[in-house]
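FYI, the UniProt record's numbering numbers position 365 of the sequence shown as 365, with every residue one higher than the one before it. In this text, a Cβ means the ideal position worked out from N, Cα and C, and glycines have one as well. Encoded as structure tokens, the structure appears first; notes follow it.
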Amino acid sequence: MDYLIGVDIGTQGTKAVLIDPNGKVLAHSYKGYDVETPKPSWAQQWPEPWEEAAYFTIKSVVEKSNVDPKDIKGVAISSLYGGSGIPVNKEMKPLAPCLIWMDRRAEEEVKWVKENIDLEELFEVTGNSVNSYFGFTKILWMKNNLPQVWEEIEYFLPPAPYIVYKLTGEVAVDHSSAGNIGGVYNLKERKWSNEMADLLGIPLEFFPERLVECTEIVGGITEQAALKTGLKVGTPVICGGVDAPVATMGAGALVEGNHVAMLGTSMCWGFITETPNLSPNLVSMPHCVDSHEVIYTFGGAATAGAILRWFRDVIGTEELEVEGKLGINAYTLLDLQAKEIPAGSNGLLVLPYFMGERSPIWDSGARGLILGLSLVHTKAHLYKAFMEGVAYSLRHNMEMVLGTDAKLDKELIIVGGGSKSMNWPQIYADVTGYPVRIIKNDVEAPLGDAVLAGIATGSISDPHILKQWLEFDETIQPNPKNTKKYDQYYEEYKTLYVKTKDTMQRITDIEINRA
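Here it is in structure tokens:
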């Protein structure tokens, strides 16, 4: 039998699954780690925890499944959006941590780009605009602030290509990861952009010449990697790319108009299209399937599950104590309390910008805000208002498609940890007005990775077989009464940001200068 492994290197942990030829998950594994935040708006990670987690999770699923390693036909790796990527020297040793998608330190570099680069040309070539979210601005920050590192750099490797290198000894970057760097990748021609690299002052030789499809074998497992993973030497390895498009594919989204919201630490809502350059307010990159023809375009909130985690850790301490004593999940306890709170949380409105915000406002200085507090409000009101704030952010991104050539399906698929809440999916349906579908036994990006490995090795001939494997819960329909109320709150949500953004920036500047 042909068995396949999918691995996703996430922001807070790595997941792996091993599936059989019928898509059945025979084993899964997870290993967590942390994000370094040494200063306000900084977020970085060294690659060693990713590497250790990849070895651990792969070896775990091999052992748990009792599958003979010789029957494992391939393994594919996807990852978080790695921002700058990992700067490595000629010996392929990391010189500095990876400045990940969450990092917002490159504000001066963004200002420089806006003053010195034609943004219309930048968008025309790359399909993207400029923000400290994008990798090319973080690379410019390294150039300006880490001159000794800059002098030693051989490559910038995104997380998935870096792990693929550690497994195979081969240096390559998939089109998905390359496109998401922004600035130096030509989206229409699917190649590095000499023109933009020269204008930005970033040596193009920093980016590996070998660009590969996410359905292409990069190399085989080395002897050293075989010892650490339990895989057979020579087992094919595939670079699956950025996790958001892979998770979207894993949810069965493969044709024009399919759209999926991935609710993890952040929120990525994306759709499949063949039309480049849709909106400078969104992010576009080659899709992980048919990379030369299909584009994955998405809007993303910097924080989604992250603010619920913050709420649990800072405000939900009682629930955490109960979890420790009785084993009842703290999120479940908070969910139960919020279940009876009406739409709008009795007048509460939350801006979920706890780490700045990505699309569509692209404001690194934005900050979280709670408006409308009164003595009638409880912890339950606040928790529901936090969930509603992220749902407003999703709707805000979805509005960016209005007036473009993009066509969206009438139903929205939700994947990730947020889909398991007893309240959040209904809130998404009510706020957006879209019926919501949730996958039973959702394994997110790793399943998509396993399929990519299957396509690359010939074990799977058609990615659409995924749709036969997926089983959905009953569709969640919007509540018209709630949607009508949320329409009003949503307009206030947008207005509130506009009226407070200058104050947010001044407060952010005070903290940055103090630090």
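Assuming residue i and residue j make a contact with CB atoms under 8 Å, what is their CB distance in whole Å?
{"i": "residue 217", "j": "residue 231", "result": "Wrong, their Cβ atoms sit about 14 Å apart, outside the cutoff."}
{"i": "residue 525", "j": "residue 268", "result": "Absent from the structure is residue 525, since the part of the chain shown begins at 1 and ends at 515."}
{"i": "residue 233", "j": "residue 226", "result": "5 Å"}
{"i": "residue 80", "j": "residue 10", "result": "6 Å"}
{"i": "residue 282", "j": "residue 400", "result": "5 Å"}
{"i": "residue 430", "j": "residue 483", "result": "5 Å"}
{"i": "residue 101", "j": "residue 83", "result": "5 Å"}
{"i": "residue 175", "j": "residue 291", "result": "4 Å"}
{"i": "residue 415", "j": "residue 247", "result": "6 Å"}
{"i": "residue 166", "j": "residue 51", "result": "5 Å"}
For residue i, collect the residues of the same chain with a Cβ closer than 7 Å to its Cβ; drop the 5 residues on either side in sequence, then sort them by chain order.
{"i": "residue 95", "result": "87, 88, 89, 149, 152 and 153"}
{"i": "residue 338", "result": "380, 383, 384 and 423"}
{"i": "residue 199", "result": "117"}
{"i": "residue 277", "result": "123, 124 and 127"}
{"i": "residue 32", "result": "12 and 13"}
{"i": "residue 398", "result": "269 and 432"}
{"i": "residue 303", "result": "266, 352, 354 and 355"}
{"i": "residue 323", "result": "329 and 330"}
{"i": "residue 223", "result": "233"}
{"i": "residue 20", "result": "1, 3 and 26"}
{"i": "residue 426", "result": "476"}
Residue i by DSSP, collapsed to three states: which one?
{"i": "residue 142", "result": "helix"}
{"i": "residue 44", "result": "strand"}
{"i": "residue 467", "result": "helix"}
{"i": "residue 513", "result": "helix"}
{"i": "residue 184", "result": "coil"}
{"i": "residue 14", "result": "strand"}
{"i": "residue 228", "result": "helix"}
{"i": "residue 91", "result": "coil"}
{"i": "residue 86", "result": "strand"}
{"i": "residue 156", "result": "strand"}
{"i": "residue 124", "result": "helix"}
{"i": "residue 135", "result": "helix"}
{"i": "residue 24", "result": "coil"}
{"i": "residue 325", "result": "helix"}
{"i": "residue 385", "result": "helix"}
{"i": "residue 373", "result": "coil"}
{"i": "residue 446", "result": "helix"}
{"i": "residue 315", "result": "coil"}
{"i": "residue 345", "result": "coil"}
{"i": "residue 452", "result": "helix"}
{"i": "residue 39", "result": "coil"}
Cβ of residue i within 8 Å of Cβ of residue j?
{"i": "residue 8", "j": "residue 444", "result": "yes"}
{"i": "residue 492", "j": "residue 402", "result": "no"}
{"i": "residue 376", "j": "residue 329", "result": "no"}
{"i": "residue 369", "j": "residue 394", "result": "no"}
{"i": "residue 206", "j": "residue 134", "result": "no"}
{"i": "residue 467", "j": "residue 257", "result": "no"}
{"i": "residue 137", "j": "residue 173", "result": "no"}
{"i": "residue 29", "j": "residue 61", "result": "yes"}
{"i": "residue 447", "j": "residue 17", "result": "yes"}
{"i": "residue 59", "j": "residue 228", "result": "yes"}
{"i": "residue 235", "j": "residue 460", "result": "no"}
{"i": "residue 177", "j": "residue 161", "result": "yes"}
{"i": "residue 312", "j": "residue 319", "result": "yes"}
{"i": "residue 139", "j": "residue 54", "result": "no"}
{"i": "residue 450", "j": "residue 6", "result": "yes"}
{"i": "residue 367", "j": "residue 504", "result": "yes"}
{"i": "residue 519", "j": "residue 357", "result": "No information on residue 519 is available, as it lies outside the stretch 1 to 515 that the chain covers here."}
{"i": "residue 78", "j": "residue 240", "result": "yes"}
{"i": "residue 67", "j": "residue 26", "result": "yes"}
{"i": "residue 159", "j": "residue 47", "result": "yes"}
{"i": "residue 274", "j": "residue 260", "result": "no"}
{"i": "residue 242", "j": "residue 285", "result": "yes"}
Are the C-beta atoms of residue i and some chain D residue less than 8 Å apart?
{"i": "residue 130", "result": "No chain D is part of this structure, which consists of one protein chain only."}
Among the residues of its own chain, which have a CB less than 8 Å from the CB of residue i, if the five just before and after it don't count?
{"i": "residue 280", "result": "119, 123, 128 and 129"}
{"i": "residue 114", "result": "130"}
{"i": "residue 289", "result": "214, 215, 249, 254, 452, 455 and 463"}
{"i": "residue 362", "result": "129, 131, 133 and 281"}
{"i": "residue 212", "result": "172, 173, 174, 175, 218 and 239"}
Using a Cβ-Cβ cutoff of less than 6 Å, which residues in the same chain neighbour residue i once the five nearest sequence positions on both sides are dropped?
{"i": "residue 508", "result": "365"}
{"i": "residue 307", "result": "352, 354 and 386"}
{"i": "residue 170", "result": "218 and 219"}
{"i": "residue 143", "result": "150"}
{"i": "residue 344", "result": "485 and 489"}
{"i": "residue 70", "result": "232"}
Could you check whether the region 184-191 touches the region 123-130, counting it as contact only if at least three pairs of C-beta atoms, one from each stretch, sit closer than 8 Å? yes
Between the region 434-444 and the region 408-419, are three or more C-beta pairs nearer than 8 Å? With a cut-off of 8 Å on Cβ pairs, the region 434-444 is in contact with the region 408-419, counting three or more such pairs.
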